[in-house]
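Student:
Protein chains: 2
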Amino acid sequence: MIPFDVLASDPDSHARAGEFVTSHGKVETPVFMPVGTHGAVKAVTPDEVRQCGAQIILGNTYHLYLRPGLDIIESAGGLHRFMGWDQSLLTDSGGFQVFSLADLNEITEDGVVFQSHLDGSRHQFSPAHSMRIQRILGSDIMMAFDECAPYPAEKQYAAEAMRRTHHWAELSLEYVQKNGPLYGYDQNVFGIVQGGTYEDLRHVSAEYLSRLEFDGYAIGGVAVGEPKKDLRRTTELTASLLPEDQPRYLMGVGKPVDIVESIAAGVDMFDCVIPTRNARNGLVYTWHGKRPIRNAAYADDQTPIDEQCDCYTCRRFSRAYIRHLLNMNEILGHRLATLHNLHFFLKLTRRARESILAGQFSAWKNEFIRTYAED
Amino acid sequence: MIPFDVLASDPDSHARAGEFVTSHGKVETPVFMPVGTHGAVKAVTPDEVRQCGAQIILGNTYHLYLRPGLDIIESAGGLHRFMGWDQSLLTDSGGFQVFSLADLNEITEDGVVFQSHLDGSRHQFSPAHSMRIQRILGSDIMMAFDECAPYPAEKQYAAEAMRRTHHWAELSLEYVQKNGPLYGYDQNVFGIVQGGTYEDLRHVSAEYLSRLEFDGYAIGGVAVGEPKKDLRRTTELTASLLPEDQPRYLMGVGKPVDIVESIAAGVDMFDCVIPTRNARNGLVYTWHGKRPIRNAAYADDQTPIDEQCDCYTCRRFSRAYIRHLLNMNEILGHRLATLHNLHFFLKLTRRARESILAGQFSAWKNEFIRTYAED
């Protein structure tokens with residue numbers, strides 16, 4: 002089991018500051034993980050990701066399996082080496098992408114058959130397939146293969162998907178325990194709680210998975226289109242049901258206020274494409290909310306995106322310049338906005354952590370939510 | 002007149018190593034100038050351009066006039082400040098783009114009327130307009146407004162365009178002498194020799210312009226579609242007709258072998274989009290020729306683009322990784338290939354310079370041309 006130390010807990014909420022160590026370094030929680038779908042956090046170098054404060058990033062198993070393919074990544078010595086990232090790496094199971102991106106042909110007790118969204122080629126993913134791929138990717142944290150039911154889902158379907166997820170969780174662990182790591186360093190495995198928006202199913206799922214020998218637990222099946230109140234309710238409930246002494250990871254979340262509220266619910270880890278994708282679309286984050294930087298209002302604005310920000314972009318460039326670059330579809334505009342947004346999200350979880358360690362999380366959280374205008 | 006010191010000349014050719022100083026720093030020649038069309042060298046930051054070895058870059062007057070427009074750049078304090086580039090900057094006159102990109106409505110003795118390639122809006126450029134724009138851009142070297150005749154052009158048309166270019170050169174100088182610089186530092190002006198592929202016209206043009214008080218001279222109207230032998234012949238002839246004690250700039254060239262041959266002809270300055278544009282298309286340069294890095298042959302090639310190269314890309318990433326990124330259309334792929342190609346082109350002129358200073362230019366040039374396979 003991955004050693005997870007809770008260093009401080011907030012007295013007024015379930016927020017906690019902790020840390021764990023993988024073979025590629027320390028991860029201080031709460032933590033935000035930038036997403037590197039194709040083996041690169043879009044628009045930025047590994048050095049820049051580190052300079053933004055990232056200690057761990059996420060790679061997408063489905064995408065990397067399709068392109069460049071496993072042979073090439075294994076020949077490089079794993080994904081860390083292939084992409085030049087020497088800190089911690091988490092890979093998802095590929096399940097979510099198979100269910101959301103690919104053309105899904107069949108779900109059985111054994112796994113899924115799907116066609117690639119790139120070329121229509123036919124593939125099969127089972128728990129053993131997913132774990133074998135993640136073993137070759139060489140991630141520090143591998144995710145058990147799961148089925149993420151869509152929203153909305155009938156209770157009967159959500160229960161069936163959950164039951165399959167539990168079966169697949171056992172098969173995933175079995176594969177890992179039988180095969181061991183590929184590159185000589187430890188690879189941890191997290192289980193994923195499912196159950197849709199149904200509280201009784203979440204109870205069953207959290208209890209079932211907690212009995213298995215996972216190194217941490219993820220809350221899956223949220224931020225898939227459900228109303229905000231369901232996202233909050235499901236996150237709070239599921240987090241409260243998971244072991245105290247292991248990391249809790251809320252998959253695919255999210256917006257700054259959701260991250261802060263989820264930290265209060267006891268979540269330790271987050272990943273989301275929001276900072277990078279929104280950057281490329283010209284939405285940049287400030288401590289007062291996000292700004293559509295391509296708007297005409299910024300055409301002659303010679304101030305930085307955020308006066309309070311000390312990122313490379315804000316130290317060097319104006320809103321007017323970044324707006325111009327984005328409007329011209331200049332790659333540098335995508336880069337500068339991405340750097341800024343990543344810096345903001347990583348600073349957000351860093352500030353949450355510092356406030357927990359200082360015993361001031363609730364005050365910090367209230368102030369953040371009061372001054373940050375969520376859309 | 003900009004002080005231009007010739008530090009060494011090659012005994013076997015017209016190659017020379019020199020230097021001149023603008024208000025934004027020293028420029029050591031022969032020099033390659035990366036192109037920053039929209040106020041950014043595509044895909045890279047000003048810091049990266051400097052780290053690649055650039056001492057001067059080129060901005061495009063036509064593009065910047067249209068977007069973001071002069072008010073915004075003047076409000077930033079000029080193009081250097083707007084884009085965060087603190088070394089030397091050369092701007093073209095906009096003439097070439099008006100003739101090649103825009104929808105040209107009319108050419109008169111006074112200038113041209115054209116419609117923007119972006120939105121069809123109607124604009125007028127005259128020598129005074131072009132110099133006024135470049136004055137607001139605040140470039141260290143402004144180019145006189147010229148007419149670049151297309152290739153092929155009838156001799157009569159080439160002669161007429163040349164005559165207009167001479168008239169406009171005088172009007173350009175007149176505007177600059179009357180108005181002075183805008184931001185408190187010197188702005189130099191270069192004249193542009195035209196005359197197509199007609200040797201007698203080149204003689205007339207070089208002699209005419211040499212009598213005017215320009216700070217340097219450009220060879221215009223080459224690399225516009227003429228056969229390679231005409232490019233070489235026109236460059237050699239025109240360079241030989243220009244003043245010894247002023248910089249000579251070959252506009253829009255070019256390919257590595259053309260650059261090296263033109264250095265031998267006595268050219269000091271070059272600009273071209275080839276390294277940046279080809280990078281984004283997956284053509285990367287090595288000391289043995291260029292490589293189509295997206296080819297399947299590189300799919301599992303874990304070596305750098307060029308073993309001999311010490312650029313950031315070659316120090317950190319493999320051909321297999323860069324190929325994967327480019328095939329996935331990842332911005333990072335465009336960045337890494339751009340960094341490498343810029344590094345190559347800047348190193349090329351740097352090596353030429355060092356070989357001239359060492360008295361070994363001809364040996365270096367022969368070795369380069371022997372080992373570099375031009376397409």
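Protein chains in written order, with the working numbering: chain A, 2 to 376; chain B, 2 to 376. All C-beta atoms in this analysis are idealised placements derived from N, C-alpha and C, irrespective of residue type, glycine included. None of these values were measured; they are calculated from a predicted model.
1. Got a sec: is the Cβ-Cβ distance from E331/A to anything in chain B below 8 Å?
2. If you draw a straight line from the alpha carbon of D187/A to that of E29/A, how long is it in whole angstroms?
3. Is the CB of I264/B under 8 Å away from at least one CB in chain A?
4. Between Q247/A and Y209/A, is the Cβ-Cβ spacing less than 8 Å?
5. Give me the Cα-Cα distance between A44/A and A55/B, rounded to the nearest whole angstrom.
6. Sort V261/A, L102/A, T372/A and Q135/A by Cα distance to D72/A and report the nearest one.
7. Could you tell me the boundaries of the alpha helix (DSSP H) in which R278/A lies?
8. For the ligand SAH, is there any heavy atom lying closer than 7 Å to the beta carbon of A300/B?
9. Counting only Cβ-Cβ distances shorter than 7 Å, please list the residues of the region 14-42 of chain B near chain A, keeping chain order.
10. What's the C-alpha gap between V42/B and W86/B?
11. Between the region 331-359 of chain B and chain A, which residues of the former have a C-beta closer than 9 Å to a C-beta of the latter?
12. Under a Cβ-count criterion, where at least 16 other Cβ atoms within 10 Å of its own Cβ denotes burial, should D93/A be classed as buried or exposed?
13. In angstroms with no decimal places, state the Cα-to-Cα distance between F318/B and H64/A.
14. Could you tell me how far apart the beta carbons of P128/A and L172/A are, in whole angstroms, since I believe they sit closer than 8 Å?
15. By the three-class DSSP mapping on this structure, what secondary structure does W288/B have?
16. At least one CB of chain B closer than 8 Å to the CB of D301/A: is that the case?
17. Hey, D269/A and M252/A: beta-carbon distance below 8 Å or not?
18. Output, in sequence order along the chain, the residues in the region 121-138 of chain B whose CB is closer than 9 Å to any CB in chain A.
19. Alpha carbons only, please: which of T46/B, E75/B and R354/B is nearest the one belonging to I323/A?
20. Using a beta-carbon distance below 8 Å, is V45/B in contact with chain A?
21. Would you mind telling me which residues of chain B sit closer than 7 Å to Y322/A, beta carbon to beta carbon, in chain order?
22. Mind checking H167/A: buried by the 16 CB within 10 Å criterion, or exposed?
23. With 8 Å set as the bound, which would you pick, yes or no: does the beta-carbon of H325/B sit closer than that to a beta-carbon of chain A?
24. Checking the sheet assignment: what are the DSSP bridge partners for T23/B?
25. Please go through the same chain and pick out, in chain order, the residues whose beta-carbon is closer than 6 Å to the beta-carbon of H335/B, but skip the five residues on each side of it.
26. Have a look at A154/B and P35/A and give me their C-alpha separation to the nearest angstrom.
27. What residues of chain A sit near R68/B, judged by a beta carbon separation below 8 Å?
28. From V285/B to N342/B, what distance separates their C-alpha atoms?
29. Under 7 Å between beta-carbons, which chain A residues line up against S76/B? List them in chain order, please.
30. Could you compute how far the alpha carbon of F146/A sits from the alpha carbon of R164/A?
31. In angstroms, rounded to a whole number, what distance separates the CA positions of T277/A and A265/B?
32. Rounding to the nearest angstrom, what Cα-Cα distance links T304/B and P69/B in this structure?
33. Using beta-carbon positions only, say whether V205/A and V190/A come within less than 8 Å of one another.
34. What residue range is occupied by the uninterrupted alpha helix (DSSP H) comprising N106/A?
35. Can a CB atom of chain B be found closer than 8 Å to the CB of I306/A?
36. Rounded to a whole number of angstroms, what is the C-alpha to C-alpha distance between T198/A and G26/A?
Tutor: Let's see:
1. Here residue 331/A corresponds to residue number 330 of the first sequence, with the count starting at 1. With 8 Å as the cut-off, E331/A counts as an interface residue toward chain B.
2. Counted from its first residue, the first sequence places residue 187/A at position 186. Counted from its first residue, the first sequence places residue 29/A at position 28. So the two alpha carbons sit approximately 18 Å from each other.
3. Numbered from 1 along the second sequence, position 263 holds the residue referred to as residue 264/B. Not an interface residue.
4. Within the first sequence, residue 247/A is the residue found at index 246, counting from 1. Within the first sequence, residue 209/A is the residue found at index 208, counting from 1. No. Outside cutoff.
5. Start at 1 with the first residue of the first sequence, and residue 44/A comes out as number 43. Start at 1 with the first residue of the second sequence, and residue 55/B comes out as number 54. The straight-line gap from Cα to Cα measures roughly 23 Å.
6. Here residue 72/A refers to the residue found at position 71 when the first sequence is read from its first residue. Among V261/A, L102/A, T372/A and Q135/A, the Cα nearest to that of D72/A belongs to Q135/A.
7. Within the first sequence, numbered from 1, the residue matching residue 278/A stands at position 277. Segment I275 to R281, the alpha helix (DSSP H) holding R278/A.
8. Ligands in the displayed structure: none, and consequently the ligand SAH is not present.
9. H39, G40 and A41
10. If you number the second sequence from 1, residue 42/B lands on position 41. If you number the second sequence from 1, residue 86/B lands on position 85. So the alpha carbons of these two residues sit roughly 10 Å apart.
11. E331, I332, L333, G334, H335, R336, L337 and T339
12. As a position in the first sequence, residue 93/A is number 92, starting the count at 1. Flag for D93/A reads buried.
13. Taking the first residue of the second sequence as position 1, residue 318/B is located at position 317. Taking the first residue of the first sequence as position 1, residue 64/A is located at position 63. Rounded to whole angstroms, F318/B to H64/A spans 20 Å at the Cα level.
14. Residue 128/A sits at position 127 when you count from the first residue of the first sequence. Residue 172/A sits at position 171 when you count from the first residue of the first sequence. That pair is a contact at about 4 Å.
15. If you number the second sequence from 1, residue 288/B lands on position 287. In this structure, W288/B counts as strand in the three-state DSSP scheme.
16. By 1-based counting over the first sequence, the position of residue 301/A is 300. Yes, D301/A lies at the interface with chain B (some Cβ there is under 8 Å from its Cβ).
17. To locate residue 269/A, count along the first sequence from 1; it is residue 268. To locate residue 252/A, count along the first sequence from 1; it is residue 251. No.
18. none
19. The sequence position of residue 323/A within the first sequence is 322, counting from 1. It is T46/B whose Cα lies nearest to the Cα of I323/A.
20. For this step, residue 45/B is matched to residue 44 along the second sequence. Output row for V45/B: interface = yes.
21. Counted from its first residue, the first sequence places residue 322/A at position 321. Near Y322/A (Cβ distances below 7 Å), the residues of chain B are F83 and M84.
22. Working through the first sequence from its first residue, we reach residue 167/A at position 166. Buried is the call here.
23. Translated into the one-based positions of the second sequence, residue 325/B becomes position 324. Answer yes: the Cβ-Cβ gap between H325/B and chain A drops below 8 Å somewhere.
24. As a working mapping, residue 23/B is identified with position 22 in the second sequence. Note: T23/B sits in a beta bridge opposite G26/B.
25. Locating residue 335/B in the second sequence gives position 334, where the first residue counts as 1. These residues qualify, in order along the chain: A44 and R281.
26. Taking the second sequence and counting its residues from 1, the one referred to as residue 154/B is at position 153. Taking the first sequence and counting its residues from 1, the one referred to as residue 35/A is at position 34. Spanning the two alpha carbons is a distance of roughly 56 Å.
27. Counted from its first residue, the second sequence places residue 68/B at position 67. Those are H325, N328 and M329, listed as they occur along chain A.
28. Looking up residue 285/B in the second sequence gives position 284. Looking up residue 342/B in the second sequence gives position 341. If I take the Cα positions, the gap works out to 6 Å.
29. For the purposes of this step, residue 76/B is taken as the residue at position 75 of the second sequence. Under the 7 Å cutoff, chain A gives D301 and Q303.
30. The residue labelled residue 146/A in the question sits at position 145 within the first sequence. The residue labelled residue 164/A in the question sits at position 163 within the first sequence. Roughly 12 Å between the two C-alpha positions.
31. Taking the first sequence and counting its residues from 1, the one referred to as residue 277/A is at position 276. Taking the second sequence and counting its residues from 1, the one referred to as residue 265/B is at position 264. So the two alpha carbons sit approximately 48 Å from each other.
32. On the second sequence, position 303 is the one that residue 304/B refers to. On the second sequence, position 68 is the one that residue 69/B refers to. Computed Cα separation, rounded: 41 Å.
33. The residue you call residue 205/A lines up with position 204 of the first sequence. The residue you call residue 190/A lines up with position 189 of the first sequence. Result no, Cβ atoms of V205/A and V190/A do not sit closer than 8 Å.
34. In the first sequence, residue 106/A corresponds to position 105, counting from 1. Not the alpha helix (DSSP H): N106/A falls in the beta strand (DSSP E), residues D104 to I108.
35. As a first step, residue 306/A is located in the first sequence; it is residue number 305 there, counting from the start. So, not an interface residue.
36. The residue you call residue 198/A lines up with position 197 of the first sequence. The residue you call residue 26/A lines up with position 25 of the first sequence. T198/A and G26/A: Cα-Cα distance of roughly 35 Å.
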